[in-house]
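Student:
In the numbering used here, the protein residues as written are 12 to 94.
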């Protein structure tokens, strides 16, 4: 026993990885037909140079660029991405 378990209860299913990575393999995609919550970071393209969603929000919320390629910088976005 290495601490991993899958527990089926009346309230739902609990997967405990025992402090180890949980890997889903050999499927074209993973689909969740529900809200997803995470207490950790979510990262895209994790096998390459992907960024966390938090880093993407920081980059978007602070970005500026030249108006139509010339002139002054635009203001930062008036609608921030939610944290």
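Glycine is no exception: its CB is placed at the ideal position from the N, C-alpha and C atoms.
None of the values given here were measured: they were computed from a predicted structure.
Tell me which same chain residues have a C-beta within less than 7 Å of the C-beta of residue 33, skipping the five on either side of it?
Tutor: Taking the first residue of the chain shown as position 1, residue 33 is located at position 22. Here the set comprises 26.
Student: Tell me the rounded alpha-carbon separation between residue 42 and residue 30.
Tutor: The sequence position of residue 42 within the chain shown is 31, counting from 1. The sequence position of residue 30 within the chain shown is 19, counting from 1. The straight-line gap from Cα to Cα measures roughly 24 Å.
Student: If you draw a straight line from the C-alpha of residue 49 to the C-alpha of residue 39, how long is it?
Tutor: In the chain shown, the residue the question calls residue 49 occupies position 38. In the chain shown, the residue the question calls residue 39 occupies position 28. Spanning the two alpha carbons is a distance of roughly 22 Å.
Student: Measure the alpha-carbon distance for residue 67 versus residue 35 and round it to whole angstroms.
Tutor: Numbered from 1 along the chain shown, position 56 holds the residue referred to as residue 67. Numbered from 1 along the chain shown, position 24 holds the residue referred to as residue 35. Those two C-alpha atoms are separated by around 25 Å.
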